[in-house]
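Comments concern the structure below.
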Amino acid sequence: MEKVVSLAKRRGFVFQSSEIYGGLNGCWDYGPLGVEMLNNLKQAWWRSMTFRDDVEGVDASILMHPKVWEASGHVANFTDPMVDCKQCKSRYRVDVLMDELNTKKKKDVLREMFPGQFDGQQPDEKIVAEFAARIATDETVAQAVRILACPNCGTKGSFTEARQFNLMFKTFVGPVEDSNNVVFLRPETAQGIFVNFLNVQSASRQKLPFGIAQIGKAFRNEINTKNFLFRTREFEQMEMQYFVKPGEEDRFFEYWREERMKWFLELGMKPENLQWHKHEKLAHYAKAAFDIEFKFPFGWGEVEGIHSRTNFDLSQHEQFSGKSLKYFDEQSKEKFVPYVIETSVGASRSFMAFLCASYDEEMVAGADGEAGEVRTVLHLHPKLAPMKAAILPLVNRDGMDDLARNLTKDLQKYFRVFYDDSGAIGRRYRRQDEIGTPYCFTVDSQTLTDQTVTVRERDSMKQERIAMSAVRDYLLERI
RNA sequence: GCGGAAGUAACUCAGUUGGUAGAGUCACAGCCUUCCAAGCUGUUGGUCGCGGGUUCGAGUCCCGUCUUCCGCUCCA
21 MEKVVSLAKR RGFVFQSSEI YGGLNGCWDY GPLGVEMLNN LKQAWWRSMT FRDDVEGVDA
81 SILMHPKVWE ASGHVANFTD PMVDCKQCKS RYRVDVLMDE LNTKKKKDVL REMFPGQFDG
141 QQPDEKIVAE FAARIATDET VAQAVRILAC PNCGTKGSFT EARQFNLMFK TFVGPVEDSN
201 NVVFLRPETA QGIFVNFLNV QSASRQKLPF GIAQIGKAFR NEINTKNFLF RTREFEQMEM
261 QYFVKPGEED RFFEYWREER MKWFLELGMK PENLQWHKHE KLAHYAKAAF DIEFKFPFGW
321 GEVEGIHSRT NFDLSQHEQF SGKSLKYFDE QSKEKFVPYV IETSVGASRS FMAFLCASYD
381 EEMVAGADGE AGEVRTVLHL HPKLAPMKAA ILPLVNRDGM DDLARNLTKD LQKYFRVFYD
441 DSGAIGRRYR RQDEIGTPYC FTVDSQTLTD QTVTVRERDS MKQERIAMSA VRDYLLERI
């Protein structure tokens with residue numbers, strides 16, 4: 021992990037945000053190579069999503085009407101009161117803590133908070149119902165927390181006061197910081213799609229089933245950031261919401277699961293580094309949910325979620341906006357609120373996943389077949405590689421450098437390529453290996469006579485000779 | 001948020017009981033060099049994370065703070 025972070029910085033993939041001021045917790049900047057690779061990644065996703073008949077794109081604004089987040093449930097559900105145990109330092113979400121109490125413990129709490137009212141034998145159902153009813157307000161919950169014992173160390177009354185965590189970034193529209201002007205930075209891009217559902221549908225004349233895709237930044241005020249780009253407060257999502265007729269959701273859920281896994285594999289991910297994670301505890305909007313997890317150096321972590329979201333979001337927006345979001349099916353003459361299949365992938369997270377997956381330190385034999393040495397290489401898929409090729413004169417004389425510069429200029433009309441004439445050729449190859457450049461074209465003395473160059477392939481380090489005029493097509497075929 | 005570790009050149013790291021800040025790599029300018037990081041010469045580059053304190057004197061000792069990594073917790 022540290023090696024990847026170090027390489028990312030050294031070669032200009034990722035820098036820490038505001039580094040000269042000591043950095044800002046969990047914020048990162050993409051450097052010259054990072055932005056190329058991130059753009060490539062986003063482009064690969066965009067092409068796979070929208071270069072088809074049934075998906076349209078949008079780019080919604082980050083600031084949205086505050087009611088959007090009431091409708092989506094984020095205002096109510098995106099805040100989790102938490103407590104810490106002062107004794108053993110473990111932390112709990114208060115609602116989880118309450119849910120996990122057994123009936124006996126609930127009875128104890130009720131007895132202590134309402135003396136005399138729950139003495140003697142009490143039916144279990146009554147205890148459960150009364151607990152749910154009476155321990156419902158912030159006030160009563162806080163009281164209950166004071167009585168409870170920590171499930172981990174058993175110490176009673178060791179919890180801190182419950183603290184509210186609102187994971188949405190708050191800001192103000194206009195220069196006056198008035199509570200009437202509060203808006204939120206979107207915590208997910210999906211809502212920008214839902215609120216535009218009818219706009220897109222009518223403008224594009226799409227019929228169900230069809231999808232809307234969007235790439236954009238989202239913000240969550242996470243309690244703690246973590247693991248390089250994995251958990252950050254500002255991140256980029258690539259989301260597609262696919263609208264279907266109710267009853268067809270399961271079929272398309274399976275379809276998109278397959279498609280999305282295929283996407284990762286086609287970009288060079290190894291199957292053994294990916295796995296499905298099924299959500300057993302579903303969110304309030306979901307009917308089914310699977311995550312694609314990648315094996316990061318720190319363990320398995322989610323890079324994409326594929327969720328069957330029912331018609332929850334559109335229905336909520338109908339209710340909160342008072343506008344109909346129903347779709348009229350010409351065939352069956354039915355009017356209904358479509359169901360939604362969501363594919364939501366983290367651009368930053370998958371960037372990191374591809375970086376980690378491609379990082380390798382290989383032992384290669386020395387020139388004389390003796391002591392081996394370490395070769396650091398990023399086995400990035402050519403589509404993702406920030407530099408598509410390097411053009412190198414073997415030595416800087418006899419006009420080899422001029423030929424190489426001309427070739428570079430030609431190729432730059434089509435690709436991001438790199439010219440390098442400094443130091444020994446081997447060193448230059450290795451430098452390209454380290455940033456994942458898939459091909460190196462070398463101009464040597466033979467080029468001067470027959471206009472051919474050598475192609476050196478990154479992963480195999482094998483070389484072949486092709487005509488200089490064929491270089492462009494060589495790259496086009498492979499990228 | 002808790003606990004542990006770390007922070008010195010772009011990178012990896014030295015730095016003695018407190019006494020003017022070092023190496024290798026990289027980069028740059030040359031030379032050399034006809035295919036896999038290892039030749040030669042020269043050069044640039046450091047607020048020792050930041051802020052206090054102790055001291056004649058702090059990279060070194062003390063306090064605070066920030067950031068990163070690891071573990072816990074959390075991740076509608």
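In our numbering, each number is its position in the first sequence, counted from 1, plus 20. Quick reminder that beta carbons are idealized off the backbone N, C-alpha and C, glycines included. Predicted, not measured: the structure shown is a model, and the values here were computed from it.
- Comparing alpha-carbon positions, which option in M281, V437 and K265 lies nearest W296? M281
- Using 8 Å as the Cβ pair cut-off and three pairs as the minimum, do the region 341 to 353 and the region 247 to 259 touch? no
- With burial defined as no fewer than 16 other Cβ atoms inside 10 Å of the residue's Cβ, what is the status of A373: buried or exposed? buried
- Does DSSP classify S37 as helix, strand or coil? coil
- Same chain, Cβ closer than 8 Å to E390, five either side skipped, listed in chain order: In this prediction, E390 scores a pLDDT of 49, lower than 50, which makes its location untrustworthy; the coordinate-derived value is nonetheless stated afterwards. No residues qualify anywhere along the chain.
- Message: Within a Cβ cutoff of 7 Å, which residues of the same chain sit near V88, ignoring the five residues on either side of it in sequence?
- Response: Q211 and V215
- Query: Which residues mark the beginning and the end of the alpha helix (DSSP H) in which P52 is found?
  - Reply: P52 to T70
- Message: With H, G and I counted as helix, E and B as strand and the rest as coil, what does DSSP make of C460?
- Response: strand
- Message: As a quick exercise: from I499, L496, Y439 and G419, pick the residue whose alpha carbon is nearest that of T467.
- Response: G419
- Label M21 either buried or exposed according to how many other C-beta atoms from any shown protein chain fall within 10 Å of its C-beta, with 16 as the threshold for buried. exposed
- Strand pairing of V491, partner residues [DSSP]: In the DSSP output, where bridge partners are listed per residue, V491 has none listed.
- Task: Take E274 as the anchor and find which of V202, M289, K237 and V360 has the nearest alpha-carbon.
- Result: V360
- With distances taken Cα to Cα, identify the nearest neighbour of A405 among V24, Y41, G43 and L61. L61
- For M383, which residues does DSSP report across the bridge? V394
- Message: Tell me the DSSP secondary structure of T469 in three-state form.
- Response: helix
- For T472, I'd like the list of residues in its chain whose CB is within less than 6 Å of its CB, leaving aside the five on either flank, ordered along the chain. R485 and A487
- Return helix, strand or coil for Q211, following the three-state DSSP convention. helix
- Query: Which word fits M502, buried or exposed, when buried means at least 16 other C-beta atoms lie within 10 angstroms of its C-beta?
  - Reply: Since the first residue of the chain shown is 21 and the last is 499, residue 502 is not available in this structure.
- Rounded to whole angstroms, what's the CA-CA distance from V78 to V463? Just pull it up for me. Their backbone Cα atoms lie some 45 Å apart in a straight line.
- When burial is assigned at 16 or more other CB atoms within 10 Å of the CB, is F138 buried or exposed? buried
- Buried/exposed call for F310, threshold 16 Cβ in 10 Å: buried
- Query: Which term fits R277, buried or exposed, when burial requires 16 or more other beta carbons within 10 angstroms of its beta carbon?
  - Reply: buried
- For K290, which option in E279, D270 and F314 has the closest C-alpha, if you only look at C-alpha atoms? F314
- Can you tell which of Y50, L398 and G319 has the C-alpha that lies nearest to the C-alpha of R450? L398
- Query: Excluding the five sequence neighbours on either side, which residues of its own chain have a C-beta within less than 6 Å of the C-beta of A91, listed in chain order?
  - Reply: Closer than 6 Å at Cβ, skipping near neighbours: Q336, H337 and F340.
- Message: Quick check on S81: does DSSP put it in helix, strand or coil?
- Response: coil
- If I'm right that Q261 touches G236 with Cβ under 8 Å, what's the distance once you round it to whole angstroms? Rounded, the Cβ-Cβ distance is 13 Å, inconsistent with contact.
- Message: Considering Cα atoms alone, identify which of N331, S199, W283 and L375 is closest to W66.
- Response: W283
- Query: For the beta strand (DSSP E) that contains D311, what are its first and last residues?
  - Reply: A308 to F316
- Query: If V25 sits next to D49, beta carbons under 8 Å apart, how far is it from one beta carbon to the other, in whole angstroms?
  - Reply: About 13 Å separates the two Cβ atoms, so there is no contact after all.
- Just the Cα atoms here: how many angstroms apart are G194 and G319? 43 Å
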